[in-house]
Each structure stands twice: as structure tokens, then as C-alpha cells.
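Note that the sequence shown ends on residue 1354 in this note's numbering; no numbers are left out.
Even glycine gets a Cβ: it sits at the ideal position worked out from N, Cα and C.
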Amino acid sequence: PWPSTKDVEQAAMQVDVRTPRGAELGTTEVIYLDTKHGSRKRAYDLNVALCDALEERLQQVRQSRADAVLEELTTARDVAKKELDAVTEKLQAIERKAGEDLSDLRGMTDSNSSANSSRNQLDNVKAELRQVETQLRQMTLDLELAEKAFASPEELLGPNSLVSSQS
């Protein structure tokens, strides 16, 4: 049967495989393949046959690596999807517990949200409170001035907001 052990031994003596610049075989994908034979045609045919066999085997190795990477990425995707589904389910449970207050809670976390009615109401109440406090302070000052003017009518009091508010 061909190839016999003798044929393989002879072919091994006719083939030289080396790496560029003394790199270790297996650490680079580049190799040099030299074939020697008494006949130039036979050396060429041997070189072509070896190159074809190497190319086919390299394709198998690359396909095997690609399949392994694809399997790893598929597994990672499936795990991530399961985690996402679990977290989404927990979030939905929290949202169900929040009930009708959910839109207000979301608005509290999103400062740019204009849909937060409770937040808007609170801001409006605070603004009104500031206005009322300012008016109260002014009225308190006006009362003190009026009481002072009542107590001593002979003193001339300058224009103030009490007089200006009455005009």
C-alpha cells in the first residue's frame, strides 16, 4: 500500500519545514516549506501536494477555532439574556408594588422629566410660599411703621411701601 513507511521516510528527508527568523514552530502562522528531490518536477509536485494538504488542515483548524469562539459567544449571550430576564422580572415586580405612584417615582429620578406632576406641584407650592413669606415680611414692616406713626404722629415718616400701596 502506498505510501509505505519507506516512502514516508524518504519524503521526510526531502522536506524541510522552518519558521521565519528562527521563531518557534507553532508560535507563528508563517512557515517555510522546502522540498528537495532528484527531479525538479517531482520536487514541485511534492511541494504542491504538501501545500494543498497544509491548506486543507489549516482550514480545519481555523474552522474549529471559529466554532469554539462562536460557541463561547453563544453561551455568553444566553447567560446574559437569562440575567437580563431575571433583572427585568425583578424590576417589573418593583414597578407593580409602586402602582400608580410609578410615574412620580420615575420623575423623581429623571430631573428633565416634565411628566412628574407631583414634582411640579411641589415646586409651585414652594414658589408660592416664598412669595407669601416676602409679603408677610413687608406687611410686618408696614405694621411696625404704622404703629410708630400712630404712637408719635408729630414725627414725619418718609415714604414707604404702606403709603405707596395705598395709592
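{"Query": "DSSP state of THR1262 mapped onto helix, strand, coil", "Result": "helix"}
{"Query": "Cβ-based neighbour list, TYR1219, same chain, cut-off 6 Å, excluding 5 preceding and 5 following", "Result": "ARG1205"}
{"Query": "Own chain partners of LYS1223 with C-beta closer than 7 Å, once the 5 adjacent residues on each side are dropped", "Result": "GLN1201 and ALA1230"}
{"Query": "Where the alpha helix (DSSP H) through VAL1217 begins and ends", "Result": "First-last for VAL1217: undefined, no H or E at that position."}
{"Query": "CA nearest to the CA of VAL1195, picked from LEU1237, LYS1268, ARG1317 and LEU1212", "Result": "LEU1237"}
{"Query": "Span of the beta strand (DSSP E), counted from its first residue to its last, around ASP1203", "Result": "1202-1205"}
{"Query": "Sequence-distant residues of its chain with Cβ nearer than 7 Å to ASP1203 (five each side left out)", "Result": "ASP1221"}
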